[in-house]
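Asker: Sharing a structure here in structure tokens format.
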Amino acid sequence: MKRRIINITAMLAVLVGVSLSAQAQKGAVKMGLYYDYSMPIGSFKSDYISNGSPRGVGGEIMYNLSRQWGLGLNVAWQDYYQKYPRAIYSLDKNQDISAVVTNSVQSAPILIKTVFSPLGNDRRTMIQPYISAAAGLNLLTNSQYLGQFNSSDASARFMAQAGAGVQIPFSKLSNSAFFVGATYNYISYNKNGLNNFNTIDLQAGVRFPL
Amino acid sequence: MRKSMILPGLAALIMLIAASCTKDPLKDMTAEDSRIYITNYDSTANFGSYKTFSIADSVAVIDNGRATKEISVTDQAYLDAVKKYMQQQGYVLVNKSQSPDLGLNVNRIYRTSTGVVSYPDYWGYYGGYWDPYYWGYPGYGYYVPYSYAVYSVTEGAISVDMLDLKSAKTTNKISIIWTGTIRGSGILNASVADSQVKALFDQSPYIKAN
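If you read the protein sequences in the order shown, they are chains F and Z.
Numbering-wise (the working numbering), the first sequence opens with residue 1 and increments by one.
Numbering-wise (the working numbering), the second sequence opens with residue 1001 and increments by one.
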């Protein structure tokens, strides 16, 4: 019995040792910084803002659970804006308003994100594909201006994200890499006739070990 | 840098970029863009059935809950513009002693002590600004259709109200059958009065004498 306990303890020690060693080799924590171009879709595009937004940035801290899986936190920010020429809007059957309407939305998602790299960040491969999924909250500020008069709504909304892309290491020996990718973003929103603030985003940035 | 500082640092960096990149709608707006024109009308009124109109010879200035009658150069420009566009729509200007079918009042509304002029209050005190005696109907009350949309004014506005004097004798009340409100930058200026009143009439094509 005593011998059995010693054997099991030895095996666990070896497993923990191998695991820690593997993590050390993989670089446990990586940071990513990226530029984001966002394109509204659905009712967000058709009813509110059709312009793409070139004003977006993001960052992530990812912990490598294994060579293939990473888990971490993603924060970002995006500014959407569209100004419509003066037009007359019927607010009621007997009320009309003529105004230059400007829609302005600021989006700041805070997401728990997981990344799967099927090739396991193999340094011998220069192009490493990945897919990602994330969910969390989006801190949204939605303002609509009629002329200079605005009404604003700030709220935290559920957000889910699915993405894919490739990363390209700086060199064969480097743990740092460029990456380019795209994400589909579902952002729930139900106000003023809008169903959601869904977008497709294009991203380009760098990831490096901390 | 300590790892515990990385996440707040990343968030601060993104917020800094966000603050510098957000597009401010108010900085992307001319004085003309800043203005809004709101019109309400009584859907039961037959605007073609009225032939003549008269207009008050001064403007009610509603400021901090008090009303005075004034006639500045700007006020006169607004009165002249209202006369011009009513005549263009086929109505005949007559003296108020000649029993006009329609009466028109122009008002300047300023910020109140509470910061807001709400329109139910505005109409509630209408008899205080414009005593029905002025139009030859002492003791009558004003009537505003419930279907008029409610809105608040938090800073300067000009409003034009059209009164049904033709029906007053039979209904024992003076109905407000149309209101036009102008809000935004630079409206208290004689040089823009004509274009502001024109905008109200342009979005009210139903105001036309047969």
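Each residue gets a CB set at the ideal place from its N, CA and C atoms; glycine is no exception.
Note that the structure is predicted; figures quoted are calculated from it, not measured.
Which bits of chain F does Met954/Z rub up against, with CB to CB less than 9 Å?
Answerer: Absent from the model: residue 954/Z. The displayed extent of chain Z is 1001 to 1210, so no value can be given.
Asker: Which runs of the alpha helix (DSSP H) spanning at least 4 residues fall entirely within the region 1079-1135 of chain Z, listed in chain order?
Answerer: Within the region 1079-1135 of chain Z, the complete alpha helix (DSSP H) runs of at least 4 residues are 1119-1124 and 1126-1129.
Asker: Please report whether the beta-carbon of Ile88/F lies at a distance below 8 Å from any beta-carbon of chain Z.
Answerer: yes
Asker: Just mark Leu212/F as buried or exposed, buried being the case when its beta carbon has 16 or more other beta carbons within 10 Å.
Answerer: Outside the displayed span of chain F (1 to 210) sits residue 212/F, for which this structure offers no information.
Asker: Measuring only between beta-carbons, confirm whether Gln203/F sits less than 8 Å from chain Z.
Answerer: no
Asker: Hey, could you find the ends of the beta strand (DSSP E) Lys1027/Z is sitting in?
Answerer: It is not in any beta strand (DSSP E) - Lys1027/Z carries neither H nor E in the DSSP assignment.
Asker: Ala1011/Z versus chain F: which residues are under 7 Å apart at the beta carbon?
Answerer: Val75
Asker: Buried or exposed for Ala99/F, please, with buried defined as at least 16 other CB atoms from any protein chain shown within 10 angstroms of its CB.
Answerer: buried
Asker: Can you pull the chain Z neighbours of Asn185/F, defined as C-beta to C-beta under 8 Å?
Answerer: Here the premise fails: no neighbours, minimum Cβ distance about 17 Å.
Asker: Give a yes or no on contact between the region 177-186 of chain F and the region 162-169 of chain F, applying the rule of three or more CB pairs nearer than 8 Å.
Answerer: yes
Asker: By a C-beta neighbour count over all protein chains shown, 10 Å radius and 16 as the cutoff for buried, is Ala156/F buried or exposed?
Answerer: In this structure Ala156/F is exposed. Its beta-carbon is surrounded by fewer than 16 other beta-carbon atoms within 10 angstroms.
Asker: Leaving out five residues before and five after Tyr1206/Z in sequence, what residues of the same chain have Cβ atoms less than 6 Å from its Cβ?
Answerer: Hits under 6 Å: Phe1047.
Asker: Mind pulling the chain Z residues with CB within less than 9 Å of Lys93/F?
Answerer: Ser1043 and Ser1147
Asker: Using three-state DSSP, classify Phe178/F as helix, strand or coil.
Answerer: strand
Asker: Strictly under 8 Å for the Cβ-Cβ distance: is Ile1014/Z near chain F by that measure?
Answerer: yes
Asker: Report, in whole angstroms, the separation of the C-beta atoms of Tyr1142/Z and Gly1127/Z, which I expect to be a contact under 8 Å.
Answerer: 6 Å
Asker: Can you name, in chain order, every residue of its own chain whose Cβ lies under 7 Å from the Cβ of Asn198/F, other than the five neighbours on each side?
Answerer: Only Ile41, Gly42, Phe44, Asn185, Tyr186 and Ile187 meet the Cβ criterion.
Asker: If we cut at 8 Å on Cβ distances, does Val105/F have a partner in chain Z?
Answerer: no
Asker: At what residue ranges does the region 136-164 of chain F contain a whole run of the beta strand (DSSP E), taking only runs of 3 or more?
Answerer: None, since the region 136-164 of chain F contains no complete beta strand (DSSP E) of that length.
Asker: Between Val1059/Z and Val1106/Z, how many whole angstroms is the CB-CB distance? I'm expecting something under 8 Å.
Answerer: Val1059/Z to Val1106/Z, Cβ: 5 Å. Contact.
Asker: If you follow the beta strand (DSSP E) that Ser43/F is part of, which residue opens it and which one closes it?
Answerer: Element bounds for Ser43/F: not the beta strand (DSSP E) but the alpha helix (DSSP H), Gly42 to Asp47.
Asker: State whether the region 1189-1208 of chain Z contacts the region 1032-1039 of chain Z, with contact taken as three or more CB pairs (one from each stretch) at a distance under 8 Å.
Answerer: yes
Asker: Does Asp1202/Z come out as helix, strand or coil in the three-state DSSP assignment?
Answerer: Reduced to three states, the DSSP call for Asp1202/Z is helix.
Asker: How about Val1160/Z and Val1082/Z: do their beta carbons lie closer than 8 Å?
Answerer: yes
Asker: In chain F, which residues lie less than 8 Å from Thr1170/Z when you measure between Cβ atoms?
Answerer: Ordered by position in chain F, no residue passes the 8 Å Cβ test against Thr1170/Z, which lies about 23 Å from the chain.
Asker: Note down, in chain order, every chain F residue with its Cβ under 9 Å from the Cβ of Ile1036/Z.
Answerer: Ile97, Ser98, Ala99, Val100, Leu146, Gly147, Gln148 and Phe149
Asker: Just checking, does the region 1168-1176 of chain Z make contact with the region 1009-1022 of chain Z on the three C-beta pairs under 8 Å criterion?
Answerer: no
Asker: Quick one: does Gln1196/Z have its CB under 8 Å from some CB of chain F?
Answerer: Gln1196/Z does not count as touching chain F.
Asker: Can you tell which of Gln106/F, Ala164/F and Ile110/F has its C-alpha closest to the C-alpha of Leu202/F?
Answerer: Ala164/F
Asker: Would you call Gln1088/Z buried or exposed, if buried means 16 or more other Cβ atoms sit within 10 Å of its Cβ?
Answerer: exposed
Asker: At a Cβ threshold of 8 Å, is Gln1076/Z touching chain F?
Answerer: no
Asker: Using alpha carbons as the reference points, say which of Asp1101/Z, Val1061/Z and Asp1042/Z lies closest to Lys1069/Z.
Answerer: Of Asp1101/Z, Val1061/Z and Asp1042/Z, the residue nearest in Cα terms is Val1061/Z.
Asker: Can you name the residues of chain F whose CB is closer than 7 Å to the CB of Gln1203/Z?
Answerer: Ile88, Asp96 and Ser98
Asker: Which chain Z residues are close to Asp36/F, counting only those with a beta carbon under 9 Å from its beta carbon?
Answerer: Chain Z residues near Asp36/F: none, gap ~11 Å exceeds 9 Å.
Asker: Check the Cβ of Arg1183/Z against every Cβ in chain F and list those closer than 8 Å, keeping chain order.
Answerer: Gly147 and Phe149
Asker: In terms of DSSP beta bridges, what is Val1144/Z paired with?
Answerer: Its beta-bridge partners do not exist; DSSP assigns none.
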